[in-house]
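Residue numbers (UniProt numbering): 1 to 264. Cβ atoms here follow ideal geometry from the backbone N, Cα and C, with glycine treated the same way. These numbers were taken from a predicted model, which means no experiment stands behind them.
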Ligand SMILES: NC(=O)c1ccc[n+]([C@@H]2O[C@H](COP(=O)([O-])OP(=O)(O)OC[C@H]3O[C@@H](n4cnc5c(N)ncnc54)[C@H](OP(=O)(O)O)[C@@H]3O)[C@@H](O)[C@H]2O)c1
């Protein structure tokens, strides 16, 4: 069976993309930790849209999970024609106050597992001379973000990695898209533990916040147009352009000052 693999599909942006692809009759393989949510979503989407759905419950903050997922797809006879690396979490606060292990787990999830899944599934796409990879970055990838240092750096990695891989994939007719959402109304801030007093000081652009469905629609439109980069939301697009014009040292200083001022 040919399928689209979506990580982080049990909620938020990943779930919204799953719904949109189901509407387009894509058969889906959904991945996240929460098996119950994945099972419910699989049942709903297959009943509503008459598609094949499967799920794998796995924790991508563990180094072995990407290889386990790949092995499962081979065992189940799944041909992954589209890989959507969406699963990711954030962290916020003063760097030394965040437990080291949670920062390292986030890097495994946001960065290493994304690289591993891409490395595992790309060779088969190269052989078939077709395929699509969508990596979810962030507006945070456009600047160093004090008090969200590791998360923003993980997304900067995704931005550069994806843009480099885009070029390597062109001779194989594999389409690669980098999606950079801005603030989106999902459980992200809650999961990142930044919905507390200190975390609220990190939220700078709540006016431009999008829904997960709006982000999913922009992602699919960009895929249809075979774009390689999309920043979702008009305000975010303008913001991203402006950010590239300002030196990073200056941006980081401004951001740190504003955060400290908000916290007094
Ligand atoms: N929301 C925003 O403001 C925003 C802005 C820019 C970029 N993004 C990016 O968008 C992507 C999706 O975030 P979201 O806003 O949709 O957040 P979300 O609502 O918290 O969803 C995150 C998804 O990732 C899964 N996940 C979390 N930890 C996991 C792990 N260890 N292993 C496997 N799956 C895991 C979650 O499912 P389980 O809990 O079931 O594992 C869930 O399905 C992330 O890469 C994020 O960095 C979000």
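What are the boundary residues of the beta strand (DSSP E) that includes residue i?
| i | result |
| --- | --- |
| residue 47 | Run containing residue 47: none in the beta strand (DSSP E); it sits in the alpha helix (DSSP H), 35-49. |
| residue 131 | 131-136 |
| residue 55 | 53-57 |
| residue 4 | 2-7 |
| residue 180 | 174-180 |
| residue 63 | No beta strand (DSSP E) holds residue 63; DSSP gives it neither H nor E. |
| residue 263 | Here residue 263 belongs to no beta strand (DSSP E), and DSSP marks it neither H nor E. |
| residue 209 | No beta strand (DSSP E) holds residue 209; DSSP gives it neither H nor E. |
| residue 29 | 28-32 |
When the distance is taken between beta carbons, is residue j closer than 7 Å to residue i?
| i | j | result |
| --- | --- | --- |
| residue 66 | residue 102 | no |
| residue 29 | residue 54 | yes |
| residue 174 | residue 125 | yes |
| residue 154 | residue 107 | yes |
| residue 80 | residue 121 | yes |
| residue 248 | residue 144 | yes |
| residue 57 | residue 71 | no |
| residue 231 | residue 240 | yes |
| residue 117 | residue 1 | no |
Just to confirm the assignment, what range does the alpha helix (DSSP H) spanning residue i have?
| i | result |
| --- | --- |
| residue 16 | 12-23 |
Leaving out the 5 sequence neighbours to the left and right, which residues in its chain are closer than 6 Å to residue i when beta-carbon positions are compared?
| i | result |
| --- | --- |
| residue 146 | 252, 255 and 256 |
| residue 39 | none |
| residue 119 | none |
| residue 151 | 90 and 91 |
| residue 149 | 95 |
| residue 185 | 209 and 211 |
| residue 343 | Given that the chain is displayed from residue 1 to residue 264, the structure contains no residue 343 and the question cannot be resolved. |
| residue 110 | 88 and 154 |
| residue 158 | 135 and 137 |
Closer than 7 Å by C-beta to residue i: which residues in its own chain qualify, once you throw out the five before and the five after it? Chain order, please.
| i | result |
| --- | --- |
| residue 187 | 11 and 12 |
| residue 244 | 142 |
| residue 176 | 133, 162, 165, 166, 169 and 228 |
| residue 156 | 141 |
| residue 190 | none |
| residue 59 | 33 and 65 |
Less than 8 Å between C-beta atoms, sequence neighbours within five positions excluded: which residues of the same chain meet that for residue i?
| i | result |
| --- | --- |
| residue 6 | 14, 17, 18, 21, 28, 29, 30, 31, 84 and 86 |
| residue 25 | 49, 50 and 51 |
| residue 45 | 18, 19, 22, 28, 51 and 53 |
| residue 264 | none |
| residue 272 | Missing from the structure shown is residue 272; the chain here goes from 1 to 264 and no further. |
| residue 62 | 108 |
| residue 74 | none |
- Message: Give the list of continuous alpha helix (DSSP H) stretches no shorter than 4 residues that lie fully inside the segment 217-255.
- Response: Correct list: 234-245.
- Spell out a yes or no on whether the segment 206-218 and the segment 13-23 are touching, meaning 3 or more CB-CB pairs, one atom from each, closer than 8 Å. Put simply, the segment 206-218 touches the segment 13-23. At least three CB pairs are less than 8 Å apart.
- Segments assigned alpha helix (DSSP H), at least 4 residues, entirely inside the segment 73-152: Runs of the alpha helix (DSSP H) inside the segment 73-152: 100-107 and 113-128.
- Just checking, does the segment 139-149 make contact with the segment 175-187 on the three C-beta pairs under 8 Å criterion? Yes: at least three Cβ pairs fall under 8 Å.
- Count the CB pairs spanning the segment 127-136 and the segment 157-170 that are closer than 8 Å, and state whether there are at least three. Flag = yes, the segment 127-136 and the segment 157-170 touch.
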